[in-house]
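Take any residue in the sequence shown, count from 1 to its spot, add 553: that is its number in my numbering. Using N, Cα and C, we set each Cβ at its ideal position, and we do this for glycine too. A quick note: this is a predicted structure, and the numbers were derived from the prediction, not measured. Comments concern the structure below.
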Amino acid sequence: MITVGAAQMGPIEKEDTRSDAVDRLVALLEDGASRGCELVVFPELALTTFFPRWFTDDVAEMESWFETEMPGPETARLFERAAELGVGFCLGYAELVVLEDGTRHRYNTQILVERDGSVVGKYRKVHIPGHEHDEPGRPFQHAERHYFEPGPEGFDVWDAFGGVVGMAICNDRRWPETYRVMGLKGVELVLIGYNTPLHYDPDPQQNALAGFHNNLVMSSGAYQNGTYVVGVAKGGIEAGIESLAQSAIFAPSGQVVAQCITTGDEVAVARLDLDFCSFYKETVFDFDRYRVPKHYRSISQEKD
Ligand code: ING
């Protein structure tokens, strides 16, 4: 059994500091802890505004949105407060890695921190949506492919919080392969932060379906792999751009077990029985018995 909090955030504005964001994260952590949470899940890029909505070629400006250490001077107090409360957390942030050879790599990253404050896992976003170059014709940019490289490590799971825990980030949740790779590793709880503008410029017909698609993909991912899924938004109107909230916790049945009802800072809490996963993993989705991989080859072929 584990009590989990989906700690949704409202907007973080361009002029807000890391400290402003950490103040809110600590408040969400304390709210979750007061309601029995052992694990609190924060959104994607939870320390800054969603900066890929602006395009810049100025590297210093780009890197100003990134963290070079985690915990760092601004975030240490979040780790300290969490360890004091005995609550673990999952945090999304922009990660700048400078290798010995001097090369610099930018990732859209999530970390998993156990109740003692130790970092047990790190995930770097694999499916990078949006565009690589400035597209001034758009009402706002979604230039994630300019700011981030895909994570080289792919999808993994970690033994933590008494179960098997995996992570994914935003656009990853739309791809069934994300869940199945972790499902094949026995995942019982998938933690996903997201920033999802309600306007999708390549096909605005999809705008009205943002909430439906959000539920569809996480409910399906949960059911088809017999796992819980926690989806946590940074939502509301950020820099004048409306972003989807509707954070929710999904059971292996595909049902919603808890959800946020506002577009601001709000924690949705649920007590999860991870053994419930077996009702699906050992029956309808008994992979060893029912999967037919020889007919699935095409879905793992490299792009030609
Ligand atoms: N955001 C969006 C997401 O996948 C998007 C991008 C929106 C893609 C709508 C397709 C449709 O939720 C991030 N950050 O991936």
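- Taking a 10 Å sphere around the C-beta of residue 828, we find fewer than 16 other C-beta atoms and assign the residue as exposed.
- Beta bridge pairing from DSSP links residue 663 with 645, 676.
- Here the residues close to the ligand ING, judged by CB distance below 5 Å to any of its heavy atoms, are 682, 723, 724, 748, 749, 753 in chain order.
- In the DSSP assignment, residue 824 falls within the beta strand (DSSP E) that extends over 819–825.
- Secondary structure note for residue 712: its beta strand (DSSP E) is the uninterrupted segment 710–713.
- Counting only runs of at least 4 residues, the segment 733–799 fully encloses the following alpha helix (DSSP H) elements, listed from N- to C-terminal order: 763–778.
- In this structure the segment 800–818 touches the segment 555–571; the number of beta carbon pairs closer than 8 Å is three or more.
- The count of Cβ pairs closer than 8 Å, one atom from the segment 574–582 and one from the segment 625–633, reaches three, so the stretches are in contact.
- Spatial neighbours of residue 727 in its own chain (CB-CB distance under 8 Å, excluding positions within 5 residues in sequence) are listed in chain order as 680, 766, 770.
- Rounded to whole angstroms, the gap between the alpha carbons of residue 605 and residue 660 is 12 Å.
- Separation of the CB atoms of residue 645 and residue 746 is rounded to 4 Å, and the pair is thereby assigned contact status at 8 Å.
- Around the beta-carbon of residue 712, fewer than 16 other beta-carbon atoms lie within 10 Å, marking it exposed.
- Per the coordinates, the alpha-carbon of residue 719 lies some 33 Å from the alpha-carbon of residue 609.
- No Cβ-Cβ contact shorter than 8 Å links residue 814 with residue 783.
- The residues 801, 821, in chain order, have a CB closer than 6 Å to that of residue 812 in the same chain once the five nearest residues on each side in sequence are set aside.
- In the three-state DSSP reduction, residue 571 falls in the helix class (H, G or I).
- When DSSP states are grouped into helix, strand and coil, residue 699 belongs to the helix group.
- For residue 840, the closest of 778, 852, 854 by C-alpha to C-alpha distance is 778.
- One alpha carbon belongs to residue 855, the other to residue 707, and they sit about 14 Å apart.
- Residues of the same chain with their beta carbon placed closer than 6 Å to that of residue 808 are lacking, with the five preceding and five following residues left out of the count.
- Cβ contact annotation for residue 595 (same chain, cutoff 8 Å, sequence separation greater than five): 560, 562, 578, 581, 642, 643, 644, 645, 746, 785, in chain order.
- Rounded to whole angstroms, the gap between the alpha carbons of residue 738 and residue 832 is 17 Å.
- Straight-line spacing of the CA atoms in residue 657 and residue 806 works out to 42 Å.
- A direct Cα-Cα distance of roughly 37 Å separates residue 621 from residue 762.
- Burial of residue 663 is indicated by the presence of at least 16 other C-beta atoms within 10 angstroms of its C-beta.
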